[in-house]
Amino acid sequence: WRGQRLCRALTRAMCVSPALTDGVPTKCCFTYQKNPIPQRLVRSVFDTSSSCSKPGVIMITLKKRELCADPQEKWVQELQKHFQSLGN
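Following this line, the structure appears as structure tokens:
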């Protein structure tokens, strides 16, 4: 169990990474979440900066975890649409 927690933490750390652009930190995605995240578990979503090498959508979960997703995936687009309708 403890090993699983560590593995998940390391995976998340590789997924969302801060980058510096013009001296201002920004978050970039380097890998994507493969499985859809249920909408009820997501607090907010936002796009990564255009200065990142790979486009991405960062989802903040209710437990304040940051996960990256592929903006081309249908489930990610539906999640973004939902939060845009809420004024997020």
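Mapped onto mature numbering (1 follows the signal peptide of the UniProt record, and there is no 0), the consecutive letters of the sequence shown carry residue numbers -21 to -1, 1 to 67.
For each residue, glycine too, the CB sits at the ideal point set by N, CA and C.
Predicted, not measured: the structure shown is a model, and the values here were computed from it.
Residue i: first and last residue of the uninterrupted alpha helix (DSSP H) it sits in
i   : result
K6  : Element bounds for K6: not the alpha helix (DSSP H) but the beta strand (DSSP E), V3 to C8.
E57 : K53 to S64
Unbroken beta strand (DSSP E) run spanning residue i, endpoints
i   : result
L46 : E45 to A48
DSSP bridge partner residues for residue i (one or two, in chain order)
i   : result
I37 : F25 and C47
Distance between residue j and residue i (C-alpha atoms, nearest Å)
i     : j   : result
S28   : K42 : 23 Å
R44   : M38 : 8 Å
T10   : T40 : 17 Å
F62   : Q18 : 9 Å
A(-3) : K6  : Because A(-3) carries a pLDDT of 48, less than 50, the predicted location of this residue cannot be relied on, and no value is offered for it.
F25   : L58 : 10 Å
E52   : K33 : 14 Å
G35   : L46 : 10 Å
Residue i - DSSP class collapsed to helix/strand/coil
i          : result
residue 68 : Any answer about residue 68 is impossible in this case: the structure gives the chain only from -21 up to 67.
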